[in-house]
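What follows is a short report on a single structure.
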Ligand SMILES: Nc1ncnc2c1ncn2[C@@H]1O[C@H](COP(=O)(O)OP(=O)(O)OP(=O)(O)O)[C@@H](O)[C@H]1O
Ligand SMILES: [Mg+2]
């Protein structure tokens, strides 16, 4: 069922009038076989909707980004879904045929746990990259469950790094330099390109998070659909602006994902509405529902994509990943005319990797909640 996702079901972007491929016709046929349920049977309607989403997403291959995209997943608020979002988006993109690296930059090591990656004390980890100049190639591990998904684990050692970094030379650039060297090394050795890098951050704005902000071009902010959701956001945005002004001019908030959305509560709808009003371009259409399967998966060392691939939580993360992939499939407008055919064969670089028109950084300053 593998099929490149072109953005227009069954058609290439340049050929929108051609008939549907047999594969897409089959999907449509299967979807139309599912009865339409009305509001009087909400549970059946939900099941029918999930069945349609499963058919729509099954076996799809997402388009690769035109260059490696590097995301920092950040929110200094604790427990909003940073790690859950990091590992599940990464798993969804890898399952859709892309090569993805997760850098666990949080001493809690939750991303490493959720990906089933060994990270007990003594295992080479993010700490060694930041403090001991160990290259990423000596630290990286591949997920057993999902080929093409890699992780740089975090061990408990990382909890000391925040203080140790203070006296280290070029302390804000440690992770960035390590990633740039790794991506270049892969390219030099003729190894396939890493398409996506996600850096999972701790719930603080210390030196570990600063390193992540300097490494990435894009920031992904998960926002929990709860009261106080936007509290502290202006502080996060101020910090991003400071980093942009002094350390990383390309940094911008490209993506906001609403997490733990409970459609039965007015509060969740209110928060979602407010976030979309402030960040209309950055907020993904897909929101992640509150789901027991999502919260259970890490205790089995799994992402929800392998723990229960057909669950509504897995489908939501697949849909969110698909949105992100579609946004990053083409180069930003200004370079499109200059080199229309270079696309995904471009050499990887930490300085590249944003699929949006990133020359115009979003005006996040105005959203001062
Ligand atoms: N959509 C969801 N439905 C149900 N539970 C969820 C969902 N997303 C996250 N959780 C649960 O909420 C808790 C916090 O999530 P997570 O660890 O991803 O947040 P975090 O922002 O990374 O936290 P921290 O700030 O401590 O790093 C976890 O127990 C996780 O399993
Ligand atoms: Mg976390």
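In this note's numbering, the protein residues as written are 4 to 372.
Note that beta-carbon positions come from the ideal geometry of N, C-alpha and C, so glycine has one too.
Computed from a predicted structure; not experimentally measured.
Kindly give me the distance between the Cβ atoms of residue i and residue j, rounded to whole angstroms, as I take these residues to be in contact under 8 Å.
| i | j | result |
| --- | --- | --- |
| residue 282 | residue 75 | 16 Å between Cβ atoms; not a contact. |
| residue 118 | residue 90 | 6 Å |
| residue 265 | residue 293 | 5 Å |
| residue 65 | residue 325 | 6 Å |
| residue 144 | residue 165 | That pair is no contact at about 23 Å. |
| residue 313 | residue 307 | Wrong, their Cβ atoms sit about 10 Å apart, outside the cutoff. |
| residue 134 | residue 142 | No, residue 134 and residue 142 are not in contact; Cβ-Cβ is about 12 Å, not under 8 Å. |
| residue 218 | residue 178 | 5 Å |
| residue 232 | residue 151 | Rounded, the Cβ-Cβ distance is 33 Å, inconsistent with contact. |
Tell me whether the beta-carbon of residue i lies closer than 7 Å to the beta-carbon of residue j.
| i | j | result |
| --- | --- | --- |
| residue 322 | residue 289 | yes |
| residue 208 | residue 70 | no |
| residue 181 | residue 246 | no |
| residue 129 | residue 173 | no |
| residue 103 | residue 93 | yes |
| residue 260 | residue 116 | no |
| residue 373 | residue 198 | The structure shown has nothing for residue 373, since the chain only spans 4 to 372. |
| residue 68 | residue 331 | yes |
| residue 85 | residue 225 | yes |
| residue 36 | residue 63 | no |
| residue 202 | residue 291 | no |
| residue 175 | residue 250 | yes |
| residue 95 | residue 303 | no |
Considering only heavy atoms of ligand 1, does any lie closer than 6 Å to the CB of residue i?
| i | result |
| --- | --- |
| residue 115 | no |
| residue 119 | no |
| residue 298 | yes |
| residue 206 | yes |
| residue 293 | yes |
| residue 235 | no |
| residue 34 | no |
| residue 83 | yes |
Under 6 Å Cβ to Cβ from residue i, same chain only, skipping five residues before and after it: list those, please.
| i | result |
| --- | --- |
| residue 223 | 74, 76 and 258 |
| residue 350 | Caution is warranted here: a pLDDT of 32 is assigned to residue 350, below 50, making its placement in the model unreliable, and no coordinate value can be reported. |
| residue 296 | 307, 311, 314 and 316 |
| residue 114 | 86, 89, 90, 105, 107 and 203 |
Using a Cβ-Cβ cutoff of less than 7 Å, which residues in the same chain neighbour residue i once the five nearest sequence positions on both sides are dropped?
| i | result |
| --- | --- |
| residue 318 | 53, 56, 57 and 60 |
| residue 110 | 157, 159, 161, 162 and 205 |
| residue 148 | 119, 305 and 309 |
Cutting at 8 Å between CB atoms, please list the residues of its own chain near residue i, excluding the five before and the five after it.
| i | result |
| --- | --- |
| residue 248 | none |
| residue 108 | 129, 157, 161, 178, 202, 203, 204, 205, 211, 212, 214 and 215 |
| residue 112 | 122, 156, 157, 158, 159 and 161 |
Mind listing, in chain order, the residues whose beta carbon lies closer than 5 Å to a non-hydrogen atom of ligand 2? 85, 86 and 113
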